[in-house]
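First residue of the sequence shown? That's 4 in my numbering, and the numbers climb one at a time after it.
Backbone N, C-alpha and C define an ideal beta-carbon position, used for all residues, glycine too.
Please read these numbers as outputs of a predicted model, since none were measured by experiment.
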Amino acid sequence: YIYIYIYIYIYIYIYIYIYIYIYIYIYIYIYICMCVCVCVCVCTTGFLTTRFFQTQHLPLGNLYESLMFLSWGFSFLYLISNVKNKKRLLAPVLATSALLVHAFAVLSVPKKMRESMSLVPALQSQGLMMHVSTTLISYATLLFGSLLAIVLLSIFHGEIKRYCVGNLTNNFEFRNKNYPLISKNFLKQIITESFYYSLFLNSRKCQLIHLLDKWTYQAISLGFSFLTISIISGAVWANEAWGSYWSWDPKEMWALITWLIYAIYLHIRINKKWMGKGSAMAASMGFFLVWICFLGVNLLGVGLHNYGWL
């Protein structure tokens, strides 16, 4: 598979350029990185297309193909984010995720599983395309949003309120001859209820906090929609294959838990009292739940979803 070796080197190439971009802001890097990512997406698409014609089914029948599709999902999200976002700040998260997923697929999955093979009878259904594809798209999008939340927490933990409140209290004082000066402690108490008040500041750091929080919300909202479609389509397919919409299978249970955690995040995100750190912590928790649902449950070797796994 020449496609595999081509985009292994391309992923390494883009990884190096990402860190060049972090330390040396060169505008030409943006266009080079775009070209590299297009090549990566094209090569991965070529691999998946080749596998499709070889097996005559959507390449989602085992762990290796699912990881390849997930890696393609990260690279595709990277291209979309570069079209939507002129600053290209999302490159390190998405490109690194794609590289790690691809490396895990190539280095950890047994060679026999990497070979093309026909589907087991239980997977020979139109439900494979609808259910599995939406599941992996939701995983890629939810993992992306959760990683942004982790970045937000790790970089700005303990600094968000101090930085933004400090700027507000130092730059704004409310004076009127009929009203006394509002104390700084009172102002801090009001502001700390939600760090979103800080977004009115013309501060690059607060703007970055706002962008990370907004991108996290957008990514998780999209991924949550796909996960909902995945659960519904999976229930319909399960009724056709196993005779019941819900079997309390470990995969189904963890998918439901993951769905509930992200539903809690979306609810918290709307509540101003929990907006910021609280919502980011909920989104960060979802990162681990997605991996448990995707890999952890199947590695136990139990349940109805062990087709094509270790």
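Practice task
Compare the beta carbon distance of residue 44 and residue 82 with 8 Å and say whether it is the shorter of the two.
Solution key: The residue you call residue 44 lines up with position 41 of the sequence shown. The residue you call residue 82 lines up with position 79 of the sequence shown. A contact, by the Cβ cut-off of 8 Å.
Handout entry: Rounded Cβ spacing between residue 145 and residue 265 (contact assumed at less than 8 Å)
Key = On the sequence shown, residue 145 is found 142 positions in, with the first residue counted as 1. On the sequence shown, residue 265 is found 262 positions in, with the first residue counted as 1. 7 Å between Cβ atoms; contact.
Exercise for the section: State the DSSP-derived secondary structure class of residue 168, mapped to helix, strand or coil. Expected result: Taking the sequence shown and counting its residues from 1, one reaches residue 168 at position 165. Caution is warranted here: a pLDDT of 43 is assigned to residue 168, below 50, making its placement in the model unreliable, and the coordinate value is therefore given only provisionally. Residue 168 falls in the helix class under three-state DSSP.
Practice task
Would you check if the region 96–114 and the region 51–59 touch, i.e. whether three or more CB-CB distances between them fall below 8 Å?
Solution key: no
Problem - Nearest to residue 236 (by Cα), restricted to the options 226, 131, 156, 302 - result: Taking the sequence shown and counting its residues from 1, one reaches residue 236 at position 233. Taking only the C-alpha atoms, the option nearest residue 236 is 131.
Practice task
Under the assumption that residue 259 contacts residue 141 (Cβ atoms under 8 Å), give the Cβ distance between them as a whole number of angstroms.
Solution key: Stepping through the sequence shown from its first residue, residue 259 is reached at position 256. Stepping through the sequence shown from its first residue, residue 141 is reached at position 138. Wrong, their Cβ atoms sit about 13 Å apart, outside the cutoff.
Handout entry: Local conformation of residue 248 per DSSP, three classes
Key = Position 245 of the sequence shown, counted from the first residue, corresponds to residue 248. Here residue 248 sits in coil by DSSP.
Exercise for the section: Flag this pair as touching only if the region 285–298 and the region 242–252 have three or more C-beta atom pairs under 8 Å; answer yes or no. Expected result: no
Exercise for the section: Note down the Cα distance separating residue 257 from residue 292, rounded to an integer number of angstroms. Expected result: Position 254 of the sequence shown, counted from the start, is the residue given in the question as residue 257. Position 289 of the sequence shown, counted from the start, is the residue given in the question as residue 292. C-alpha separation (whole angstroms): 7 Å.
Practice task
Provide the residue span of the alpha helix (DSSP H) that contains residue 327, from first to last.
Solution key: Lying before the first or after the last residue shown, residue 327 is absent from the chain, which here runs from 4 to 313.
Problem - Outcome for residue 62 when other beta-carbon atoms lying within 10 angstroms are tallied against a minimum of 16 - result: Position 59 of the sequence shown, counting from 1, holds the residue named residue 62. By the 10 Å Cβ count, residue 62 comes out buried.
Exercise for the section: Identify whether residue 59 lies in helix, strand or coil by the three-state DSSP scheme. Expected result: Stepping through the sequence shown from its first residue, residue 59 is reached at position 56. Coil, per DSSP.
Practice task
Select from 273, 214, 223 the residue whose C-alpha is nearest the C-alpha of residue 288.
Solution key: One-based indexing of the sequence shown puts residue 288 at position 285. The shortest Cα separation from residue 288 among 273, 214, 223 belongs to 223.
Problem - Own chain partners of residue 68 with C-beta closer than 6 Å, once the 5 adjacent residues on each side are dropped - result: In the sequence shown, residue 68 corresponds to position 65, counting from 1. Result list for residue 68: 62, in chain order.
Problem - Beta-carbon gap between residue 116 and residue 66 smaller than 8 Å - result: The residue you call residue 116 lines up with position 113 of the sequence shown. The residue you call residue 66 lines up with position 63 of the sequence shown. Cβ atoms of residue 116 and residue 66: closer than 8 Å.
Practice task
Can you tell me which of 118, 96, 57, 261 puts its alpha carbon nearest to the alpha carbon of residue 228?
Solution key: Taking the sequence shown and counting its residues from 1, the one referred to as residue 228 is at position 225. Minimum Cα distance to residue 228 is reached at 261.
Handout entry: C-alpha distance - residue 105 paired with residue 80, whole-angstrom precision
Key = The residue given as residue 105 occupies position 102 in the sequence shown. The residue given as residue 80 occupies position 77 in the sequence shown. Looking at the two C-alpha atoms, the distance is approximately 15 Å.
Handout entry: Per-residue burial, residue 239 [other beta carbons within 10 Å of its own, 16 or more giving buried]
Key = On the sequence shown, position 236 is the one that residue 239 refers to. Residue 239 is exposed by the Cβ-count criterion.
Problem - Identity of the residue in 47, 73, 129, 243 nearest residue 139 by Cα - result: Counting from one through the sequence shown, the residue named residue 139 turns up at place 136. Answer by Cα proximity: 73.
Exercise for the section: Give the C-beta separation of residue 143 and residue 77 to the nearest angstrom, bearing in mind that I take them to be a contact with Cβ-Cβ under 8 Å. Expected result: Along the sequence shown, one-based indexing puts residue 143 at 140. Along the sequence shown, one-based indexing puts residue 77 at 74. Indeed, because the Cβ distance is near 6 Å, the residues count as touching under 8 Å.
Handout entry: Sequence-distant residues of its chain with Cβ nearer than 8 Å to residue 155 (five each side left out)
Key = Walking along the sequence shown from the start, residue 155 turns up at place 152. Around residue 155: 212, 215, 216, 219, 283.
Handout entry: Selection from 243, 70, 225 that minimises the alpha carbon distance to residue 149
Key = Taking the sequence shown and counting its residues from 1, the one referred to as residue 149 is at position 146. Nearest option by C-alpha distance: 225.
Problem - Pairwise C-alpha distance: residue 93 and residue 267 - result: Taking the sequence shown and counting its residues from 1, one reaches residue 267 at position 264. Taking the sequence shown and counting its residues from 1, one reaches residue 93 at position 90. Each residue's alpha carbon lies about 25 Å from the other.
Exercise for the section: Find out if the Cβ-Cβ distance for the pair residue 75, residue 47 is shorter than 8 Å. Expected result: Within the sequence shown, the letter at position 72 stands for residue 75. Within the sequence shown, the letter at position 44 stands for residue 47. Yes, Cβ-Cβ distance for residue 75 and residue 47 is below 8 Å.
Practice task
Might you give, ordered along the chain, the residues of its own chain that have their beta carbon closer than 8 Å to the beta carbon of residue 248, omitting 5 neighbours on each side?
Solution key: Taking the first residue of the sequence shown as 1, we reach residue 248 at position 245. So the qualifying residues of the chain are 238, 239, 241, 242.
Problem - Given residue 110 as reference, the closest of 56, 137, 70, 233 once Cα atoms are compared - result: Along the sequence shown, read from residue 1 onward, the residue named residue 110 stands at position 107. Here the closest residue by C-alpha is 70.
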